[in-house]
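**Q** Numbering (full-length UniProt numbering), first residue to last: 1 to 353.
We treat Cβ as the ideally placed atom computed from N, Cα and C, and that holds for glycine.
#1: Excluding the 5 residues preceding and the 5 following residue 89 in the sequence, name in chain order all residues of the same chain whose CB lies nearer than 8 Å to its CB.
#2: Using a Cβ-Cβ cut-off of 6 Å (strictly less than) and excluding sequence neighbours within five positions of residue 144, which residues of its own chain qualify?
#3: Run the CB neighbour count on residue 338, radius 10 Å, all protein chains shown included, and call it buried at 16 or more, exposed below.
#4: Between residue 300 and residue 240, is the Cβ-Cβ spacing less than 7 Å?
#5: Going by DSSP in three states, residue 106 sits in which element: helix, strand or coil?
#6: Given 8 Å as the limit, is there contact between the region 154 to 174 and the region 262 to 275, that is, 3 or more CB pairs closer than that?
#7: Measure the Cβ-Cβ separation of residue 147 and residue 16 and say whether it is below 7 Å.
#8: For residue 343, collect the residues of the same chain with a Cβ closer than 6 Å to its Cβ; drop the 5 residues on either side in sequence, then sort them by chain order.
#9: How far does the alpha helix (DSSP H) with residue 306 in it reach, from first residue to last?
#10: Contact defined as beta carbons within less than 8 Å: I believe residue 275 pairs with residue 307. What is the distance between those atoms, to the nearest angstrom?
#11: Is the beta carbon of residue 304 closer than 7 Å to that of residue 243?
#12: So residue 329 and residue 24 are supposed to be a Cβ contact under 8 Å. How far apart are they, rounded?
#13: Going straight from the alpha carbon of residue 263 to that of residue 313, what length do you get?
#14: Who are the near neighbours of residue 340 in its chain, counting only those whose CB is closer than 6 Å to its CB and skipping five residues on each side?
#15: Put residue 172 into one of helix, strand or coil per three-state DSSP.
#16: Can you give, in chain order, each stretch of the beta strand (DSSP E) that sits fully within the region 127 to 184 and has at least 3 residues?
#17: What residue ranges within the region 251 to 301 form continuous beta strand (DSSP E) runs of no fewer than 3 residues, ordered along the chain?
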């Protein structure tokens, strides 16, 4: 019975908490530990060292991303096999290999369009180009999924029934890479980036391994600003979602205007950058999270300590007399200058102990 209880405690939605995960109770302590560990890393450690702001390449309008699933369980610290090629020569001609259940030597090739002009001309636009955190997380998630790794953060058994909603989807790489392994995937970002995401989804939808059939029919959940792209019965949707608009809305307006199908995993990858956006981001996370159901996975490339500290402090402060928020720090998920947190929201009278 004790083992069953422990197993229940260590699962949050489609996320399996590793034994090394630690509960965060103080933002200052968490930042100290993160940046102490970061300082111990070799700054000249090749592609996994310090890489400026974290863009893959902010000068190319087209990137060819290759994610190799090499059939061996990925070890912490192992060099990533996700490659980036520049140019307009098209997708890699490497064969796709065997079926997803036998992924040895499997190469997932994605041609991604960027809007480098918008990056320079549109104030505050950082999502129109690809960030390394998305590439590294896509490689980690797919490597673990296709090899059914026992230490995988994402539970392969529940992903096939899960709805992932991604905040700050940017160019759409994670939606393209992860949508084949889930029941429903919703990509969200500001309205100006929706066309770019739609282009990238359409541009890559012909890949044989990209879309997996699911049951049911997608109904746009956000009115006229939603756009669904389907292949066979896959449910992939692009939604305009402005955190600041949600943040400024009344509770009643939030409930009526920002409604989505139940979310199993809220994915937030490298969205913690502008300090002025943190309150709006936290309001959005809090609004979209269903107590006892939605796991929140946050991945951030460590840059300014004060911004990370403010985000963690604000996240912990979302707790109230009726609602608890638990945040776990998960180390060694991604090699490189990253932090990974899992958040879980629960009603006080149903809070897991």
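**A** This is what the structure gives:
#1: Caution applies to residue 89, whose pLDDT of 40 falls short of 50 and renders its modelled position unreliable; the model cannot decide the point.
#2: Only 152 meet the Cβ criterion.
#3: Flag for residue 338 reads buried.
#4: No, the pair does not count as a contact, with Cβ atoms beyond the cut-off.
#5: Note: residue 106 maps to strand in three-state DSSP.
#6: Under the 8 Å Cβ criterion, the region 154 to 174 counts as touching the region 262 to 275, having at least three qualifying pairs.
#7: no
#8: So the list reads 296, 327, once near-sequence residues are dropped.
#9: 305 to 316
#10: The C-beta distance from residue 275 to residue 307 rounds to 5 Å, short enough to fall under 8 Å.
#11: no
#12: 5 Å
#13: 24 Å
#14: Scanning its chain for C-beta atoms nearer than 6 Å, with the 5 sequence neighbours on each side dropped, one finds around residue 340 the residues 299, 330, 333, in chain order.
#15: coil
#16: 163 to 167
#17: 265 to 269, 295 to 301
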